[in-house]
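Just so we're aligned: 293 in the numbering used here is position 139 of the sequence shown, and the numbers increase by one with no gaps anywhere.
Note sheet for the following structure.
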Amino acid sequence: MMHSVNAWEEEGANGENYLVLVAPNVLSIEHMMEDLNLVHNNVEMVRINLNTGVVSRNPLSAGNLDLPVIHPGYVGRKNRYAYLASMANPMPKVSGVMKLDFSRIDTGNCVVASRNYGPRCYGGEPFFVPNDGSEEEDDGYLVSYVHNEETDESTFVVMDARSPTLEIVAEVLLPNRVPYGFHGLFVSKAELLSQRPFS
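Written out as structure tokens, the structure reads:
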């Protein structure tokens with residue numbers, strides 16, 4: 155497992171303690187650099203009973219999903235929603251975004267929303283921006299860069315994180331090509347100003 159969605163501790167109905175990890179489970183990590191077509195990530199919830207050591211795994215999606223993001227206020231705490239990049243063929247291009255709802259774990263498919271960027275359109279890793287002051291976990295926006303390989307245009311897209319289609323609510327045509335990016339980070343001005351200066 156790599157690129158974890160989130161992890162937290164919780165107490166079960168029986169009073170036992172559990173560590174819960176949600177992450178894409180790479181089917182063939184040993185050979186992924188030899189052939190990226192062997193990489194297929196099924197998102198799973200893994201529960202480790204801290205009292206007995208018993209481990210259980212539950213699938214959350216069958217799609218090839220990776221590069222997860224959640225509301226930053228839920229990191230290390232139990233959360234309900236996650237957004238993951240939908241990996242295209244050929245790998246490692248990102249063809250869209252999917253939203254998972256962990257409360258649907260008993261169905262075996264927690265996908266509740268999706269956005270495909272369109273033919274020959276590929277994006278970078280999505281990032282979640284919460285609405286200021288909102289108490290709702292999924293009240294916010296997903297942002298990413300999308301490049302159209304037909305027109306050679308790049309756009310910055312803003313998607314409604316609550317919409318069942320992850321509706322694009324704003325799109326900005328950029329003056330230059332933006333490379334496909336992974337592991338990017340967006341910070342607010344307040345977060346930037348709160349950082350310690352270099353010594």
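For every residue, glycine included, the Cβ atom is placed at its ideal position computed from N, Cα and C.
What you are looking at is a predicted structure, and each value in this text was computed from that prediction instead of being measured.
Leaving out five residues on either side along the sequence, give the residues of the same chain with a beta carbon under 6 Å from the beta carbon of residue i.
i           : result
residue 238 : 219, 222 and 252
residue 201 : 172, 174 and 210
residue 293 : 285
residue 267 : 253, 318 and 320
residue 288 : none
Can you check which of these residues, the options, is closest to residue i by C-alpha distance?
i           : options               : result
residue 286 : 225, 243 and 329      : 225
residue 265 : 350, 236, 164 and 201 : 236
residue 304 : 246, 331, 294 and 282 : 331
residue 280 : 288, 323 and 240      : 240
residue 328 : 298, 313 and 347      : 298
residue 272 : 260, 347, 313 and 250 : 250
Going by the beta-carbon positions, is the gap between residue i and residue j smaller than 9 Å?
i           : j           : result
residue 254 : residue 204 : no
residue 321 : residue 310 : no
residue 168 : residue 214 : no
residue 269 : residue 319 : yes
residue 291 : residue 227 : yes
residue 312 : residue 300 : no
Between residue i and residue j, what straight-line distance do the alpha-carbon atoms span, to the nearest angstrom?
i           : j           : result
residue 275 : residue 316 : 22 Å
residue 277 : residue 164 : 35 Å
residue 209 : residue 162 : 15 Å
residue 158 : residue 256 : 14 Å
residue 248 : residue 283 : 19 Å
residue 242 : residue 217 : 10 Å
residue 347 : residue 232 : 29 Å
residue 170 : residue 206 : 9 Å
residue 234 : residue 344 : 27 Å
residue 166 : residue 350 : 40 Å
residue 261 : residue 333 : 37 Å
Is there a Cβ of chain D sitting closer than 9 Å to that of residue i, yes or no?
i           : result
residue 163 : The structure shown contains no chain D, having only a single protein chain.
Have a look at the DSSP bridge pairing and note the partners of residue i.
i           : result
residue 211 : 200
residue 163 : 173
residue 322 : 313
residue 284 : 294
residue 240 : 219 and 250
residue 300 : 277 and 309
residue 268 : 252
residue 235 : 255
residue 347 : In the DSSP output, where bridge partners are listed per residue, residue 347 has none listed.
Quick one: what's got a C-beta closer than 7 Å to residue i's C-beta in the same chain, skipping five residues either side?
i           : result
residue 302 : 274 and 275
residue 179 : 155, 195, 196 and 198
residue 307 : 327
residue 212 : 198, 199 and 259
Looking only at its own chain, which residues have a Cβ that is under 8 Å from the Cβ of residue i, when we skip the five neighbours before and after it?
i           : result
residue 295 : 282, 283, 285, 312, 313, 314, 315 and 323
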